[in-house]
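Working notes, structure below.
In this note's numbering, the protein residues as written are 14 to 302.
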């Protein structure tokens, strides 16, 4: 591990370059991801996230050298049942899916049937290190978390995923809602991943969308607090803070310790969160953009 990227931040940011708002072409995303993986900050970067529809359309063929060991995260935009078909395209190109992420329900739907469908694919998904079931923060959430815990007890490498932003206000959970989710995962010793809206370190109002975005430094401090046994109210307060100093105080005390619970988040930009980490002093170094 690089001494410039502390253990607390290892693999924090998955490369979601092909997703909005970045929407890079696949060739450009692959070229940039190769640069990230060989840069001094490589330990910060998780796999390149690619939609299952792109993989199943054969768009990776010819873009990846089978000998380079490309590792991706497969995003199940074509639904749970089509995941094995998309995975079948990877091995011939020498590509490995480290993780799979797929929504198991729409907002307002019971997530348990989707979780059951996903778990029926366990044999077909063998070899994947982690499967993330994306859960809506609505009806049936706690029962869904319990179902994931039960599956993990049976040896299935499944965890939770939640949205923290998007193109509509209801896709941004309130600090109270997000704190409740973090504490619920803490209580169940359940890892979780986040996606959307977390490009900047500190909670802020985006002037373009008019939405208030969560900051990933806020989430990090809140998760550390939850892991230390603090209650939902304290965790929620950390999610509302716009002064970086109390957030940094919690993070810097744990820089040499692996991050608890929170697996990380996807970002269409790697350099944007990296720049904030450097500015805040959590990562030492510079880069050639």
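Quick reminder that beta carbons are idealized off the backbone N, C-alpha and C, glycines included.
Since the model is a prediction, treat every value here as computed from it, not as a measurement.
Bridge-paired residues (DSSP) for residue i
i: residue 28; result: 61, 280
i: residue 112; result: 86, 143
i: residue 171; result: 144
i: residue 208; result: 176, 279
i: residue 49; result: Bridge partners of residue 49: none, in fact.
i: residue 225; result: 218
Nearest-angstrom Cα separation, counted from residue j out to residue i
i: residue 238; j: residue 252; result: 11 Å
i: residue 85; j: residue 147; result: 18 Å
i: residue 241; j: residue 263; result: 11 Å
i: residue 186; j: residue 90; result: 22 Å
i: residue 201; j: residue 184; result: 24 Å
i: residue 149; j: residue 212; result: 21 Å
i: residue 177; j: residue 289; result: 19 Å
i: residue 233; j: residue 246; result: 16 Å
i: residue 218; j: residue 126; result: 36 Å
i: residue 98; j: residue 45; result: 27 Å
i: residue 205; j: residue 236; result: 10 Å
i: residue 300; j: residue 69; result: Confidence is the limiting factor: at residue 300 the pLDDT is only 47, short of 50, which leaves the residue's position unreliable and the question unanswerable from this model.
i: residue 133; j: residue 101; result: 17 Å
i: residue 151; j: residue 120; result: 6 Å
i: residue 171; j: residue 268; result: 26 Å
i: residue 231; j: residue 285; result: 16 Å
i: residue 287; j: residue 25; result: 10 Å
i: residue 302; j: residue 52; result: Because the pLDDT at residue 302 is just 41, under 50, the model does not fix this residue reliably, and the value given afterwards should be weighed accordingly. If I take the Cα positions, the gap works out to 11 Å.
i: residue 110; j: residue 208; result: 18 Å
i: residue 81; j: residue 40; result: 15 Å
i: residue 103; j: residue 145; result: 19 Å
i: residue 54; j: residue 257; result: 22 Å
i: residue 203; j: residue 71; result: 34 Å
i: residue 194; j: residue 227; result: 14 Å
N- and C-terminal bounds of the alpha helix (DSSP H) containing residue i
i: residue 127; result: 125 to 132
i: residue 216; result: Unbroken run through residue 216: none, as it is neither H nor E.
i: residue 229; result: 229 to 240
i: residue 93; result: No alpha helix (DSSP H) contains residue 93, which DSSP labels as neither H nor E.
i: residue 200; result: 188 to 200
i: residue 158; result: 154 to 166
i: residue 262; result: 257 to 265
i: residue 250; result: 245 to 253
Cβ-Cβ separation, residue j to residue i (assumed contact under 8 Å), whole Å
i: residue 61; j: residue 23; result: Not confirmed; about 17 Å, so no contact.
i: residue 143; j: residue 112; result: 4 Å
i: residue 88; j: residue 117; result: Not quite, the Cβ-Cβ distance comes to about 13 Å (not below 8 Å), so this is no contact.
i: residue 249; j: residue 189; result: 5 Å
i: residue 47; j: residue 58; result: That belief does not hold up - the Cβ atoms of residue 47 and residue 58 are roughly 11 Å apart, past 8 Å.
i: residue 274; j: residue 198; result: 6 Å
i: residue 106; j: residue 66; result: About 16 Å separates the two Cβ atoms, so there is no contact after all.
i: residue 21; j: residue 77; result: Not really, about 31 Å apart at Cβ, beyond 8 Å.
i: residue 17; j: residue 244; result: Actually they are not in contact, since the Cβ atoms of residue 17 and residue 244 sit about 35 Å apart, beyond 8 Å.
i: residue 254; j: residue 260; result: 6 Å
Contact test: residue i Cβ vs the ligand ZN heavy atom, cutoff 7 Å
i: residue 247; result: No copy of the ligand ZN appears in this structure; indeed no ligand is present at all.
Could you tell me whether the region 210 to 224 touches the region 149 to 165, using the rule of 3 or more Cβ pairs below 8 Å? Flag = no, the region 210 to 224 and the region 149 to 165 do not touch.
Counting Cβ pairs, one atom from each stretch, are 3 or more of them under 8 Å apart for the region 271 to 282 and the region 32 to 46? Yes, since at least three Cβ pairs between the region 271 to 282 and the region 32 to 46 fall closer than 8 Å, the two stretches touch.
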